[in-house]
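Undergrad:
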Amino acid sequence: MKCLLTGAGGQLATELARCAPADVDVRSMSIESLDITSPDQIASHFESIRPDVVINAAAWTDVDGAEENESEAATINSHGARLLAESCRAHSARMIHVSTDFVFDGRSGRPYPPDAETSPLSAYGRTKRDGERAILETLPSSGLVVRTAWLYSSHGHNFLLTMLKLMSERNHIKVVCDQHGTPTSAASLAGTIWDLAGTSASGLYHWTDGGHTSWHGFAQAIHDIARMKGILDHDVTIEPIPGDQWPTPARRPASSVLDIASTEAIIDRTASPWEEELSSILDDIPVMNGKMDE
Ligand SMILES: NC(=O)c1ccc[n+]([C@@H]2O[C@H](COP(=O)([O-])OP(=O)(O)OC[C@H]3O[C@@H](n4cnc5c(N)ncnc54)[C@H](OP(=O)(O)O)[C@@H]3O)[C@@H](O)[C@H]2O)c1
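First residue of the sequence shown? That's 4 in the numbering used here, and the numbers climb one at a time after it.
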């Protein structure tokens, strides 16, 4: 199977390339070689590679930055996704696309199943919702959209690395305690995407690691595990604060826990608790003299 993978260099694409099954020939494309907003570049890569499947891990992921740049974010997250889907349709390729818990408003009070109504609070969420719609409309039987949440890995820009850097520099930090979701390792999501690629699934699916917490709970676990593993050389007080004391340009859902049962059923595997995945990713974190390696 030949796979065209977009967004190489990003958190998820890096893990997808790293753990691809042996029988998949993955052609990873960074934005420099394939800009998904360029019809000419897409056409040329489809002609040369002739992929059986396209995995789109390219995205505008700056949630706050999208508030002031919604049309630029939409060009990548919605229009670019549609261009890829149209080429998949023209070449009879399957497409796996990644979306976000931020398509929900977080008011439901229980985990969101894949068919729950979307109601994004932010510009980023709207552009991602429109991208999902583009895939499902263009590829009703060969498009697969996997929503995930709170993605992190040992590289790239993410909450885990931001927290570790802050904790290495300070003795006291404040973290929001009234927004709930599920930290999800990019490695675990990548494994699940490859598992889904091995099924004939299409439509909407959810994947996160198991359980849920707040940003504060996530930060506290990062601290505690990093201390235990010797990644941090001092204790840090992590003060819980409400979100209204940490204003951000984009509004975020109060609780965006995803119901992943249909994915667990189709891949015949349950998600590991998010704390276990975090502990295993922390084993890969480079540390130099008690400070984060930047
Ligand atoms: N990060 C999260 O917490 C989170 C949560 C839920 C869902 N998701 C979704 O998960 C997916 C993967 O996210 P991630 O965290 O791996 O993102 P990431 O680390 O920001 O990687 C995205 C990659 O896409 C590239 N890119 C941007 N515009 C592009 C374009 N026009 N053409 C081709 N490539 C382009 C970026 O390149 P540059 O770096 O050069 O811009 C970057 O390498 C995305 O669909 C995201 O919306 C992420």
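The beta-carbon is built from N, C-alpha and C at its ideal position, and this holds for glycine as well.
1. Exposed or buried, T273, counting other C-beta atoms within 10 Å across all chains shown (16 or more means buried)?
2. Return the CA-CA distance between L261 and R173, expressed in angstroms with no decimal places.
3. For M231, count neighbouring C-beta atoms within 10 Å of its own C-beta (all shown protein chains included) and say buried if the count is 16 or more, exposed if not.
4. With H, G and I counted as helix, E and B as strand and the rest as coil, what does DSSP make of G10?
5. Considering only heavy atoms of ligand 1, does any lie closer than 7 Å to the CB of Q14?
6. Return the CA-CA distance between A257 and L87, expressed in angstroms with no decimal places.
7. Start and end of the alpha helix (DSSP H) containing H226?
8. Do I244 and Q223 come within 8 Å of each other at the CB atom, strictly closer than that value?
9. So, for A119: in the same chain, excluding its five sequence neighbours on each side, which residues have a beta-carbon less than 6 Å away from its beta-carbon?
10. In angstroms with no decimal places, state the Cα-to-Cα distance between R132 and D236.
11. For I176 and W249, what's the separation of their Cα atoms in angstroms?
12. Got a sec, what are the start and stop residues for the beta strand (DSSP E) E242 sits in?
13. Looking at the secondary structure, which residues open and close the alpha helix (DSSP H) in which H48 lies?
14. Tell me whether the region 55–70 and the region 13–32 touch, counting them as touching only if at least three CB pairs, one residue from each stretch, are closer than 8 Å.
15. Taking only beta-carbon positions, decide if W210 is within less than 8 Å of chain C.
16. Below 7 Å, is the gap between the Cβ of T266 and the nearest heavy atom of ligand 1?
17. For a test of the three-state rule: what should DSSP assign to N1, helix, strand or coil?
TA: According to the structure data:
1. For T273, the number of other beta carbons within 10 angstroms of its own is below 16, and it is reported as exposed.
2. 33 Å
3. exposed
4. The answer is coil: DSSP assigns G10 none of H, G, I, E or B.
5. yes
6. In a straight line, the C-alpha of A257 is about 32 Å away from that of L87.
7. 218–231
8. no
9. none
10. 42 Å
11. 12 Å
12. 240–244
13. 42–52
14. The region 55–70 and the region 13–32 touch, with no fewer than 3 CB-CB distances between them shorter than 8 Å.
15. Here chain C cannot be found, since the structure has a single protein chain.
16. No, the beta carbon of T266 sits no closer than 7 Å to any heavy atom of ligand 1.
17. Nothing in the structure corresponds to residue 1, since the chain is present only between 4 and 297.
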